[in-house]
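Here is the structure we will look at.
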Amino acid sequence: MQDSYNDLNVNRNVSPHHDIDVKFLVGKIFGNWYWYVLSVFLFIVLATFIFFYTSPYYTVMGRVLVNGYNSQGRQIVGTDQATVLGDLGKNSYPNSVSNEIEIIHSRTIIEKTIHDLELNLQYFGKNAIRYEEIYKESPYFIHVLYLNDDKIIEPVEYDVKADDKKVWFEDEDTDSSFTASYGDTLTFWYGSWVLERNPAVAIKNPDRHLGLTINSYHATLKMLMDDIEAITTTEFVNIIDLSITAQCPSKNEDMLRYMVDLYVKSDVDNKNRIADSTIAFINTRLIKVSEDLNNIDKNIETFKKENGITDITDDSKQLLQLSSTVSNDLADKQVQLKVVDDLEKYLMDEHNNSRVMPTTAPIQDAAFVQTLEKYNTLQLQRQGYLQNSTEQNPNVKSIDIQLSQLRGDLLSMMRTFKRGITTEQNELQNRNDQVTGNIKKVPTKERIYIDYTRKQNVVQELYLYLLQTREQTEVSKSYNIGPIRVIDEVKRGPMPFFPTWVILIPCALFLGLLVPSVVIFLKELLNTKVITTNDITNATYVPVVADINHTKDGKAIVVSKDDRSQVAEQFRTLRTNLHFLLPDASDKTVLVTSSMGGEGKSFVAVNLAAAVALSGKKVLIMELDLRKPYIYSILGVDNNEGFSNYIISDINARDIIKPTSLHPDCYYIGPGMLPPNPAELLAHDRVKQLFDEVKSEFDYIIVDCAPVGLVTDALLLRKYVDTVLYVVRQRFTYKKQVNLVQGLANDKKFKNINIVFNDIKRVPGYGYTYGYNGSQDYYGERKSFFGRKKRRAHTV
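When the count follows the numbering used here, it moves up by one through the sequence shown with no breaks and lands on 796 for the last residue.
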């Protein structure tokens with residue numbers, strides 16, 4: 001037995017370990033099952049409240065396909081119209097899906113949708129349970145004439161009632177109300193609007209509670225910019241998914257459809273604007289070319305009349321035909337050069353810096369065409385920004401920088417193209433000079449006629465080219481189509497995604513279990529008091545030799561001859577363990593102390609003495625707590641003479657030993673009169689003499705001393721005691737105070753120090769843990785899951 005006990009003290013100088021008491025936490029969870037049931041019930045009630053009192057949220061979705069190329073450069077979709085435009089020489093270049101997403105989700109599109117559909121207005125109606133947005137089912141509408149966004153910090157809200165003639169408005173924020181008839185124009189601090197009747201809705205209940213909310217355009221724009229999503233689901237196709245979640249699905253269906261229509265319309269308008277610019281440019285040139293052609297025709301007609309020319313010789317015809325061919329080629333180059341010159345002048349004119357550039361250039365180079373497309377696109381974007389901002393806008397300035405760079409690139413490309421045309425023109429001119437030399441050999445009249453004819457051919461070719469280009473542009477304008485086509489119509493989901501029982505019930509169960517668990521965990525995490533044996537063993541290696549349960553009746557003396565209660569049996573267990581703590585016959589002194597007052601050291605000392613006396617041993621209780629004695633009041637003995645009287649006088653030990661009512665073999669020495677200097681008395685030489693006298697007469701001596709955590713009294717008695725019982729009280733002793741026990745053991749200030757875990761109350765779900773070192777014995781009672789008590793056999 002001694003070896004077993006020594007094993008408990010092998011590692012007393014080792015730092016204590018810190019384990020997580022999983023069993024305790026699990027026990028707390030199961031022991032507080034009623035809190036979990038209550039929590040789950042409350043969250044289910046809350047979920048029911050949310051289900052019935054929250055307007056359902058729907059997801060409104062639509063899918064559109066962008067005409068163009070995917071990320072791999074492969075064409076996704078083509079149209080007959082695009083083929084026609086290609087046949088007419090009008091190249092159609094693909095749209096970037098990312099660009100289209102940014103455009104359709106742009107501030108301009110959404111803001112115009114808000115203004116056109118008046119999405120900043122919300123109409124509410126109360127049903128049997130809650131208010132819901134009724135949108136087009138409202139019996140009245142208001143049409144905003146003017147709204148001052150800067151003044152509307154918070155939404156303007158009205159409680160409304162309506163009948164067939166009038167509408168009553170009440171503003172609870174300003175405690176004001178007014179009545180308006182249909183058709184009235186009303187002016188307020190935030191703007192003005194007209195009240196209108198909705199003929200599609202009959203007013204069946206004039207007392208129905210309605211509501212109106214007027215929000216600022218800016219706040220509505222910010223909300224919708226955040227709520228509307230435009231994304232691509234995969235990189236291999238040019239499909240855009242448009243979606244929004246809201247409580248009024250019909251309103252959001254109209255909004256998304258209108259956004260798509262606006263986007264298509266704006267794109268077509270931009271293409272038409274470029275076509276109109278090109279046609280206007282061509283018409284201007286046609287007027288001048290037509291005048292030149294008419295003048296040449298008149299000159300030829302006059303020349304023929306004056307010279308009576310009706311026909312020319314075959315040689316002249318052949319020479320004229322050759323001259324005509326060369327002249328046509330030269331004229332074509334001259335036409336191209338003229339068009340490029342005109343476009344260059346157009347581009348260099350600063351008045352045209354903010355206009356789109358006509359697409360009549362004969363340059364078919366892909367880089368030039370792509371640069372021109374980008375230039376016109378940026379011009380259109382710039383015009384779109386200027387509709388809602390000034391030229392000082394950072395976006396406008398950024399576009400101006402890009403346009404300036406693109407103008408330089410276009411001019412450079414056109415000048416390069418002009419140099420190539422000039423070279424070809426020079427070659428044709430040399431050939432034309434040769435033909436002209438041959439023509440000079442023909443008679444003068446025929447030569448003059450050929451010159452007129454050559455000029456006529458040049459101007460006529462230019463005129464035909466401009467006519468053809470204008471016709472192609474007109475045809476392409478009629479075939480302008482939007483960049484997207486709708487795959488899935490904008491439509492809400494068949495069921496709301498929130499609130500639904502599928503979401504609410506699992507969430508209620510999860511939160512119902514989580515909240516009590518978190519509360520229990522935080523409570524234990526923030527707890528600074530000792531609750532379980534693990535809290536002791538985590539702080540010290542000093543063994544726990546007894547667990548003493550809480551006494552429900554509050555009696556100070558719980559051990560008696562016929563008492564078989566749990567607490568009494570636990571003190572009997574502690575008595576048994578004294579045989580291991582005091583193995584030698586000369587070891588008989590037990591010191592009982594604690595960290596502070598109130599931990600039950602006097603209670604332990606008295607009841608341990610009673611248990612020892614019941615075993616047939618003669619035991620003495622020495623109350624050496626000279627500061628705050630308590631045992632004498634428990635035992636009901638007088639405290640006239642005691643330890644202090646023995647120290648300061650010549651009386652014998654027998655003069656201060658008093659019998660007790662606990663047992664005939666249980667005696668008591670009180671503290672006597674309380675001295676002003678308790679430490680000096682405990683250090684007196686007569687203390688050793690007293691212990692020598694009582695050791696010779698008693699089998700066990702139980703010393704109750706002042707708390708060692710507060711004063712040094714207990715340390716002064718360490719040389720007279722053989723073992724120490726350090727009392728730790730559940731939910732009273734601080735965890736940090738248990739470290740004091742380990743410090744005493746490490747410093748060897750006490751020999752054979754042990755812990756008694758006192759006043760243990762049942763931890764819900766964790767049960768009792770009592771007996772030697774936390775073991776359970778002697779009538780250990782636990783309730784089973786169904787509440788039936790199980791009783792263990794008593795073992796002596």
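Quick reminder that beta carbons are idealized off the backbone N, C-alpha and C, glycines included. Predicted model, so just to flag it, every value in this text is computed and none were measured.
Can you find the residues in the same chain that come closer than 8 Å, C-beta to C-beta, to residue i, ignoring five residues on each side of it along the sequence?
i      : result
Asn277 : According to the sequence displayed, residue 277 carries Ser and not Asn. Only Arg355, Val356, Met357, Pro358 meet the Cβ criterion.
Tyr667 : Lys618, Val619, Leu620, Ile621, Ile657, Lys658, Pro659, Thr660, Phe698
Leu145 : Thr185, Gly191, Ser192, Trp193, Val194
Asp3   : Reliability of the predicted coordinates at Asp3 is poor, the pLDDT of 43 falling under 50, and the value obtained from them is presented with this limitation in mind. The answer is none, since no qualifying residue turns up.
Leu406 : Thr371, Lys374, Tyr375, Leu378
Ser324 : Thr453, Arg454, Asn457
Ala610 : Ile557, Val559, Ser560, Phe571, Leu662, His663, Cys666
Glu170 : Tyr158, Asp159, Val160, Ser176, Ser177
Could you spell out the range, first to last residue, of the beta strand (DSSP E) harbouring residue i?
i      : result
Gly125 : 121–126
Ala180 : 176–181
Lys617 : Segment: none, Lys617 is in no beta strand (DSSP E) and carries neither H nor E.
Ile701 : 700–704
Arg492 : 484–492
Val144 : 140–147
Lys112 : Where Lys112 is concerned, there is no enclosing beta strand (DSSP E), although the alpha helix (DSSP H) it sits in stretches over 107–117.
Ile214 : 210–214
Leu65  : 58–66
Asp759 : 753–760
Quick one: what's got a C-beta closer than 6 Å to residue i's C-beta in the same chain, skipping five residues either side?
i      : result
Pro249 : Tyr58, Val60, Arg492
Gln383 : none
Pro629 : Glu623, Pro671
Thr213 : Gln122, Pro155, Glu157
Thr79  : Legend: pLDDT at Thr79 = 38, less than 50; position of this residue unreliable, no value from coordinates given.
What span of residues does the alpha helix (DSSP H) with residue i cover, start to end?
i      : result
Glu693 : 686–697
Cys507 : 501–526
Leu682 : 678–682
Phe732 : Unbroken run through Phe732: none, as it is neither H nor E.
Asn376 : 366–386
Ala200 : Segment: none, Ala200 is in no alpha helix (DSSP H) and carries neither H nor E.
Phe43  : 33–53
Glu102 : 97–104
In terms of alpha-carbon separation, which member of the options lies closest to residue i?
i      : options                        : result
Ala280 : Val268, His115, Glu471         : Glu471
Leu403 : Ile421, Leu428, Glu373, Thr422 : Glu373
Gln247 : Ile274, Arg130, Ile104, Lys305 : Arg130
Lys151 : Ile244, Asp297, Asn215         : Asn215
Leu428 : Phe188, Asp332, Phe757, Ser649 : Asp332
Tyr632 : Phe236, Ser602, Arg63          : Ser602
Pro206 : Ala613, Asn677, Gly125, Val339 : Gly125
Gly743 : Glu474, His218, Ser595, Asp704 : Ser595
Tyr463 : Gln434, Val558, Ile282         : Ile282
Ile702 : Asp650, Asp638, Asp625, Leu710 : Asp625
Asp149 : Met259, Phe188, Tyr140, Ala367 : Phe188
Ala683 : Thr712, Val708, Val694, Gly672 : Thr712
Asp553 : Pro496, Ala366, Val567         : Val567
Lys251 : Asn32, Ile114, Lys271, Thr48   : Ile114
Asp722 : Tyr465, Leu581, Arg107         : Leu581
Gln122 : Leu46, Tyr140, Thr234          : Tyr140
Ser181 : Asp175, Val167, Glu172         : Val167
Leu117 : Lys695, Asp261, Leu322         : Asp261
Phe303 : Gly437, Tyr449, Leu337         : Tyr449
Skipping 5 residues on each side, what residues in its chain have a beta carbon closer than 7 Å to that of residue i?
i      : result
Asn607 : Ile557, Val558, Val559, Phe571
Ile296 : Tyr452, Lys455, Gln456, Val459
Leu322 : Val435
Taking 7 Å as the cut-off, is the C-beta of residue i nearer than that to any heavy atom in the ligand ADP?
i      : result
Tyr541 : Only the bare structure without any ligand can be found here, which leaves the ligand ADP out of the picture.
Quick one: does residue i have its CB under 8 Å from some CB of chain B?
i      : result
Met495 : In the structure shown, chain B does not exist; there is a single protein chain.
So within the stretch 217–277, which uninterrupted beta strand (DSSP E) runs reach at least 3 residues, ignoring any that extend past its ends?
You should have 229–232, 239–246.
Is the stretch 160–167 close to the stretch 194–203, with three or more CB pairs under 8 Å?
Under the 8 Å Cβ criterion, the stretch 160–167 counts as touching the stretch 194–203, having at least three qualifying pairs.
Within the stretch 536–577, ranges of the beta strand (DSSP E) (whole runs, at least 3 residues)
Fully enclosed beta strand (DSSP E) runs of 3 or longer: 544–549.
Does the count of Cβ pairs from the stretch 499–516 and the stretch 705–724 closer than 8 Å reach three?
Contact fails between the stretch 499–516 and the stretch 705–724, because fewer than three Cβ pairs, one in each stretch, are under 8 Å apart.
Does the contact criterion of 3 or more C-beta pairs under 8 Å hold for the stretch 726–740 versus the stretch 517–533?
They touch, by the three-pair rule.
Three or more beta-carbon pairs under 8 Å between the stretch 749–762 and the stretch 538–556, yes or no?
Counting Cβ pairs under 8 Å, three or more are found: they touch.
For the structure I just gave you, are there three or more beta carbon pairs, one from the stretch 237–245 and one from the stretch 333–346, closer than 8 Å?
For the pair of segments examined, the stretch 237–245 was found not to touch the stretch 333–346: the number of CB pairs separated by less than 8 Å stays below three.
Using a Cβ distance threshold of 8 Å, determine whether the stretch 28–46 contacts the stretch 511–520, with at least three qualifying pairs required.
The stretch 28–46 is in contact with the stretch 511–520.
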